[in-house]
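*Asks:* The opening position of the sequence shown corresponds to residue 404 in my numbering, with each subsequent residue numbered one higher. This is the structure, below, for whatever I ask next.
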Amino acid sequence: MKNKVLLSIMGLLLVSLGITMSITNHKRAQIADVRKEVSQVAKKQKHVTTQIDNLQTTYNANDATAKSKLLEFAKAYYTFSSQADYDKRFSKVAGILSLSKDQQNSLFDSGLDDTDGSRIDNLGLTSEYRTATGYTSDLDNQTIESLATVIVETSGTGQKAINQTVLLHGWFDIKTQKLTSIKINQIQ
């Protein structure tokens with residue numbers, strides 16, 4: 404009888420041990436599956452974070468380029484001390500512009516008066532870029548709108564030099580990396 408009880412207890416212990424091991428192995432398999440899923444989520448999160456970082460880097464680079472090209476335009480456009488300097492303004496910025504012919508002709512006039520004499524030299528007109536503050540905003544996936552408040556010192560023969568503030572409004576195409584349109588407004 405003792406042997407039967409002892410064998411029964413040992414049998415129950417073995418069955419219990421088998422059940423416990425079966426449950427433990429099942430839980431280990433579940434833990435392994437969860438770890439695998441967490442690993443996949445972490446990889447996807449890292450990939451998405453990398454994509455966001457790349458987009459921000461690209462946007463910030465284009466944003467900075469748009470602003471710097473508009474300021475480069477302002478420096479060349481507003482710096483001259485003679486007719487010869489005035490005539491060279493377009494050649495200094497031609498590489499960063501993709502303007503319509505009408506806008507190009509409007510922005511870069513000849514500087515000549517009705518008698519084909521030089522207004523710039525005859526009046527002793529000078530202009531010097533002093534400083535500017537640039538701003539940008541996104542219009543769409545291809546165009547960045549850029550604004551610059553520019554301070555220019557101007558003078559003429561017998562005139563005291565004065566500072567003028569001008570607002571430049573430019574549109575920058577991120578594919579061509581050029582300014583495609585520029586508007587100029589004088590601020591009073």
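Think of the CB as a built atom: it goes at the ideal place given N, C-alpha and C, for glycine as much as any other residue.
Relative to the C-alpha of D541, which candidate in L500, W574, A479 has its C-alpha closest?
*Replies:* W574
*Asks:* Cβ of T534 within 8 Å of Cβ of I565?
*Replies:* no
*Asks:* To which residues does DSSP link E475 through a beta bridge?
*Replies:* According to DSSP, E475 bridges with nothing at all.
*Asks:* Less than 8 Å between the CB atoms is what I'm expecting for L582 and L510, so what's the real figure, rounded?
*Replies:* Actually they are not in contact, since the Cβ atoms of L582 and L510 sit about 11 Å apart, beyond 8 Å.
*Asks:* Is there at least one non-hydrogen atom of the ligand NAP closer than 7 Å to the beta-carbon of Q506?
*Replies:* As far as ligands go, the structure on display features none, and thus does not contain the ligand NAP.
*Asks:* Is the CB-CB distance between K470 and S549 below 8 Å?
*Replies:* yes
*Asks:* Going residue by residue through the segment 509-587, where are the continuous beta strand (DSSP E) segments of at least 3 residues, counting only ones entirely within it?
*Replies:* 529-541, 546-558, 565-576
*Asks:* On the three-state DSSP scale, how would you describe L502?
*Replies:* coil
*Asks:* Name the one or two DSSP bridge partners that Q589 has.
*Replies:* V569
*Asks:* Taking the alpha-carbon of G505 as reference, which of I590, S425, L417, S584 has the nearest alpha-carbon?
*Replies:* As written in the sequence, residue 505 is Asp, which differs from the Gly given in the question. Relative to D505, the option among I590, S425, L417, S584 whose CA is nearest is S584.
*Asks:* Identify every residue that forms a DSSP beta bridge with F483.
*Replies:* S530
*Asks:* Of all the options K446, Q486, Y480, which has the alpha carbon lying nearest to the alpha carbon of Y497?
*Replies:* Sequence check: residue 497 is Ala here, not Tyr. If we check each option's Cα against that of A497, Y480 comes out closest.
*Asks:* So Q493 packs on I523, CB below 8 Å; how close in whole Å?
*Replies:* Note that residue 493 is Phe in the sequence shown, not Gln. Contact doesn't hold; Cβ gap of about 14 Å is too wide.
*Asks:* Go ahead and label N465 buried or exposed: buried means 16 or more other beta carbons lie within 10 angstroms of its beta carbon, across all protein chains shown.
*Replies:* buried
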